[in-house]
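Asker: Can you keep this structure in mind? I'll have questions shortly.
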Amino acid sequence: MLAELHRVEQNLNRVILGKATQIRLALCCLLAEGHLLLEDLPGMGKTTLAHALANAAGLSYKRVQFTNDLLPGDLLGINIYDTRSAQFYFQAGPVFSQVLLADEINRASPKTQSALLEAMEERQVSIDGETRPLPSPFFVIATQNPLFHAGTSALPESQLDRFLFRISLGFPDKAAEKQLLQDESAGSRLQLLTEPLSPEQLRHLQLQVPKVAINDAVLDYILALVHASRHSNEFLPLSPRAAKAIVRAAKAMAFVQGRSFVTADDVQQIFPYIAEHRLNPQSLAGEHPLSQLLIQRTPCQL
1047 MLAELHRVEQ NLNRVILGKA TQIRLALCCL LAEGHLLLED LPGMGKTTLA HALANAAGLS
1107 YKRVQFTNDL LPGDLLGINI YDTRSAQFYF QAGPVFSQVL LADEINRASP KTQSALLEAM
1167 EERQVSIDGE TRPLPSPFFV IATQNPLFHA GTSALPESQL DRFLFRISLG FPDKAAEKQL
1227 LQDESAGSRL QLLTEPLSPE QLRHLQLQVP KVAINDAVLD YILALVHASR HSNEFLPLSP
1287 RAAKAIVRAA KAMAFVQGRS FVTADDVQQI FPYIAEHRLN PQSLAGEHPL SQLLIQRTPC
1347 QL
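Residue numbers (my numbering): 1047 to 1348.
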């Protein structure tokens, strides 16, 4: 199964050029059953990455453009009365897909943001008193424009904490950008995706991640990083939920790299993408000064 996963990763690298680190992080996020926040300027490939990841994993995909007039019912679904049958029937919203792209989530009202983030946490929605489970796997990729763009509504700290990773694609290098210019459209690159996984194969891979071993020394290192954040006024403290997220993501990183155990290097690779938006919600994706400062201050004796 690991060979199939690496084939998916290679295919994604053929679609999203020059972004191997971000692609691996996105795969780790999916395998760890987390959710991903992509923050970048418009036109950087966020939507293409989401669509490509869904196609490569063989998952159903829907995209919602978040605006200030988007209602929770537009996202979750509503009960509609049929006059012919004199009965209500449920019209499912786009949240009932395996991969949901929440495009420009920071342009929606806080009420609609909360509806999505509750669904992310509970993996189910309640509509008119009836609870409906969401598909499995269920993976939300939310995109966000930087906060200096007009018309945005910042996600509060409690909601940012629902995202396992926050990453930025950034600008492509010159060679990758030239290759992009030679292609007619992003759709032509999506055709490069071959032999996708099935949802069953992906679910099997997700179930292998918790089996990756992590010894006490690595756990102590994670705890040292987390506790160091709680004894400084320079940043917000990392919660126990964040500590659990570090363990899950480090296991996923080890699994993707073909190992059955976690190392301190796995922790250091994923830590900035888990920690920075929790340490400083006003920071920009792609900049990790506080998380790197914690790594530098926390001795690793492994």
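All C-beta atoms in this analysis are idealised placements derived from N, C-alpha and C, irrespective of residue type, glycine included. Bear in mind that the values here come from a model prediction, so they are computed numbers and not experimental data.
Does residue 1153 come within less than 8 Å of chain B when only Cβ atoms are used?
Answerer: In summary, chain B is missing from the structure at hand, where a single protein chain is found.
Asker: Take residue 1281 as the anchor and find which of 1192, 1336, 1073 has the nearest alpha-carbon.
Answerer: The shortest Cα separation from residue 1281 among 1192, 1336, 1073 belongs to 1336.
Asker: Flag this pair as yes or no: are the beta carbons of residue 1154 and residue 1185 separated by less than 8 Å?
Answerer: No. Outside cutoff.
Asker: Around the Cβ of residue 1269, are there at least 16 other Cβ atoms within 10 angstroms (buried) or fewer (exposed)?
Answerer: By the neighbour-count rule (16 or more Cβ atoms within 10 Å), residue 1269 is not buried but exposed.
Asker: Checking 8 Å against the spacing of the C-beta atoms, do residue 1334 and residue 1209 come in under that value?
Answerer: Their beta carbons are not under 8 Å apart, which means residue 1334 does not touch residue 1209 by this criterion.
Asker: Where do the ends of the alpha helix (DSSP H) carrying residue 1204 lie?
Answerer: Segment 1203-1206, the alpha helix (DSSP H) holding residue 1204.
Asker: Comparing C-alpha positions only, which one of 1255, 1325, 1264, 1319 sits nearest to residue 1298?
Answerer: Among 1255, 1325, 1264, 1319, the Cα nearest to that of residue 1298 is on 1255.
Asker: Relative to the alpha-carbon of residue 1387, which residue among 1131, 1071, 1058, 1067 has its alpha-carbon at the smallest distance?
Answerer: No answer is possible for residue 1387: it lies beyond the span of the chain, which begins at 1047 and ends at 1348.
Asker: Examine the Cβ distances between the segment 1300-1316 and the segment 1259-1269 and report whether three or more of them are shorter than 8 Å.
Answerer: With a cut-off of 8 Å, the segment 1259-1269 and the segment 1300-1316 count as touching, because enough Cβ pairs lie within range.
Asker: Let's see if you can read the secondary structure: which residues bound the alpha helix (DSSP H) around residue 1339?
Answerer: It spans 1335-1343 - the alpha helix (DSSP H) in which residue 1339 sits, taken as one unbroken run.
Asker: Determine the direct distance from the alpha carbon of residue 1124 to that of residue 1173, and round the result to whole angstroms.
Answerer: Near 7 Å, if we compare the C-alpha coordinates of residue 1124 and residue 1173.
Asker: So residue 1066 packs on residue 1294, CB below 8 Å; how close in whole Å?
Answerer: That pair is no contact at about 22 Å.
Asker: Restricting to Cα atoms, I'd like to know which of 1064, 1151, 1061, 1224 is closest to residue 1202.
Answerer: The option with the nearest alpha carbon to residue 1202 is 1151.
Asker: Relative to the C-alpha of residue 1051, which residue among 1090, 1103, 1061 is closest?
Answerer: The option with the nearest alpha carbon to residue 1051 is 1103.
Asker: Just to confirm the assignment, what range does the alpha helix (DSSP H) spanning residue 1172 have?
Answerer: Unbroken run through residue 1172 is the beta strand (DSSP E), 1170-1173; no alpha helix (DSSP H).
Asker: On the criterion of 16 or more Cβ atoms from any shown chain inside 10 Å, does residue 1134 qualify as buried, or is it exposed?
Answerer: It is exposed - the Cβ of residue 1134 has fewer than 16 other Cβ atoms within 10 Å.
Asker: From residue 1223 to residue 1089, what distance separates their C-alpha atoms?
Answerer: Residue 1223 and residue 1089: Cα-Cα distance of roughly 12 Å.
Asker: Compare the beta carbon distance of residue 1249 and residue 1306 with 8 Å and say whether it is the shorter of the two.
Answerer: Their beta carbons are not under 8 Å apart, which means residue 1249 does not touch residue 1306 by this criterion.
Asker: Thinking C-alpha only, which one of 1214, 1048, 1227 is nearest residue 1322?
Answerer: Comparing Cα-Cα distances from residue 1322 to each of 1214, 1048, 1227, the minimum goes to 1214.
Asker: Compare the C-alpha of residue 1071 against each of 1339, 1211, 1148, 1331 and name the closest.
Answerer: Residue 1071 has its Cα closest to that of 1211, out of 1339, 1211, 1148, 1331.
Asker: Alpha carbons only, please: which of 1243, 1228, 1277, 1296 is nearest the one belonging to residue 1259?
Answerer: Among 1243, 1228, 1277, 1296, the Cα nearest to that of residue 1259 is on 1296.
Asker: So for residue 1137, helix, strand or coil by DSSP?
Answerer: Residue 1137: strand per DSSP, three-state reduction.
Asker: What residue range is occupied by the uninterrupted beta strand (DSSP E) comprising residue 1084?
Answerer: Element bounds for residue 1084: 1082-1085.
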